[in-house]
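Student: Pasting a structure below so you can have a look.
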Amino acid sequence: MRVISFAIIRDFIAKHPDSEVALRNWYKKTLKAEWKSFADIKSTFNSADYVGNDRYVFDIKGNDYRIVAVVIFIFGKVYMRFVGTHAEYDRIKDIENI
Numbered sequence: 002m003r004v005i006s007f008a009i010i011r012d013f014i015a016k017h018p019d020s021e022v023a024l025r026n027w028y029k030k031t032l033k034a035e036w037k038s039f040a041d042i043k044s045t046f047n048s049a050d051y052v053g054n055d056r057y058v059f060d061i062k063g064n065d066y067r068i069v070a071v072v073i074f075i076f077g078k079v080y081m082r083f084v085g086t087h088a089e090y091d092r093i094k095d096i097e098n099i
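First residue of the sequence shown: 2, per the numbering used here; consecutive thereafter.
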């Protein structure tokens, strides 16, 4: 998969250094993946959830952090929409349009 863009992860790591190992691991696994369906995402990241409108939520570092990404299977692209703490994620009102 092609992840667009790593900058959101890099910026988050600068604010939360303890997230670096887990986020880089997620990024490397995602780059190597060839997802064609949600089942493929689940086989890579068992804790991933579909939240609607092509958005998927990934638990990071034992659910301390969350990623919300748009996954376009046909083009093999993952668009980063949100990287944040679990508390920040809980405050999102309209997850389907983030």
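For each residue, glycine too, the CB sits at the ideal point set by N, CA and C.
For Ile-9, which of helix, strand or coil comes out of DSSP?
Tutor: Note: Ile-9 maps to helix in three-state DSSP.
Student: To the nearest angstrom, how far is the alpha carbon of Asp-29 from that of Asp-55?
Tutor: Correcting the residue type first, residue 29 is Lys in the shown sequence and not Asp. Looking at the two C-alpha atoms, the distance is approximately 21 Å.
Student: So, helix, strand or coil for Phe-74, using DSSP?
Tutor: Three-state result, Phe-74: helix.
Student: Could you please give me the residues that DSSP links to Met-81 through a beta bridge?
Tutor: In DSSP, Met-81 forms a bridge with Ala-70.
Student: Is the segment 36–55 in contact with the segment 86–95, if contact means three or more CB pairs nearer than 8 Å?
Tutor: Not touching, per the Cβ criterion.
Student: Taking the CB atoms as reference points, tell me whether Arg-25 and Ile-14 lie closer together than 9 Å.
Tutor: Contact flag set, yes.
Student: CA-CA distance, Trp-108 and Val-52?
Tutor: Only positions 2 to 99 of the chain appear in this structure, which leaves residue 108 out of reach.
Student: Does the distance from the CB of Ile-99 to the CB of Phe-74 come in under 9 Å?
Tutor: In this structure, Phe-74 does not lie closer than 9 Å to Ile-99 by Cβ.
Student: Do the CB positions of Val-58 and Arg-67 come within less than 9 Å of each other?
Tutor: Closer than 9 Å, so yes.
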